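Numbering (this note's numbering), first residue to last: 37 to 86.
Written out as structure tokens, the structure is:
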């Protein structure tokens, strides 16, 4: 079972809006051969105008 903590922020870079964020995860319980320990993630999402 992964436990995730994540933070994101909407920013404007020039005329482009983006979502930037990051977080950490910890695998508290996993099946044999599955993921274990800590992990990290970094997120960038470009928002397109309608």
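Glycine is no exception: its CB is placed at the ideal position from the N, C-alpha and C atoms. As the structure is a computational prediction, the values presented were derived from the model and not from experiment.
For the beta strand (DSSP E) that contains residue 45, what are its first and last residues? From DSSP, the beta strand (DSSP E) with residue 45 extends over 38-49.
Rounded distance between the beta-carbons of residue 60 and residue 41, thought under 8 Å: Contact check for residue 41 and residue 60: beta-carbon distance about 6 Å, within the 8 Å limit, so the pair qualifies.
Consult DSSP for residue 69 and reduce its assignment to one of helix, strand or coil. For residue 69, the secondary structure class from DSSP, reduced to helix, strand or coil, is coil.
Thinking residue 79 and residue 57 are a contact (beta carbons under 8 Å), I'd like their distance in whole angstroms, please. With a Cβ gap of about 4 Å, residue 79 and residue 57 count as contacting.
Can the beta-carbon of residue 62 be found less than 9 Å from the beta-carbon of residue 85? Taking 9 Å as the Cβ cut-off, residue 62 and residue 85 do not qualify as a contacting pair.
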